[in-house]
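S.K.:
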Amino acid sequence: MRLNAPKKVVWIIAVILGIVGVVAELAKIAAIEPYAFWLVLVGLVLLTLSTWLKGF
């Protein structure tokens, strides 16, 4: 299986999602705390897909 480097925009979006999810959980931000796990998960899935799919 050949892996590709993710595009910079996709990488930045995934990192932002991960950071927001972690900060929401640790700082107990009430508005987005219930979605903290999902934000981190979506960020990781986005990074995984961007390495598997060419041009993503």
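Residue numbers (our numbering): 92 to 147.
Note that CB positions come from ideal geometry on N, CA and C, so glycine has one too.
#1: Take the Cβ of VAL136 as the centre, count every other Cβ of all protein chains shown within 10 Å, and call the residue buried at 16 or more, exposed below.
#2: Assuming LEU138 and ALA105 make a contact with CB atoms under 8 Å, what is their CB distance in whole Å?
#3: So is LEU130 buried or exposed if we call it buried at 16+ other beta carbons inside 10 Å?
#4: Once you ignore the five residues that flank PRO125 on each side, which residues in its own chain have a CB closer than 7 Å to its CB?
#5: Figure out for me which residue from LYS98, VAL133, LYS145 has the closest Cα to the Cα of GLY112.
M.R.: Reading from the atomic positions:
#1: exposed
#2: 5 Å
#3: buried
#4: none
#5: VAL133
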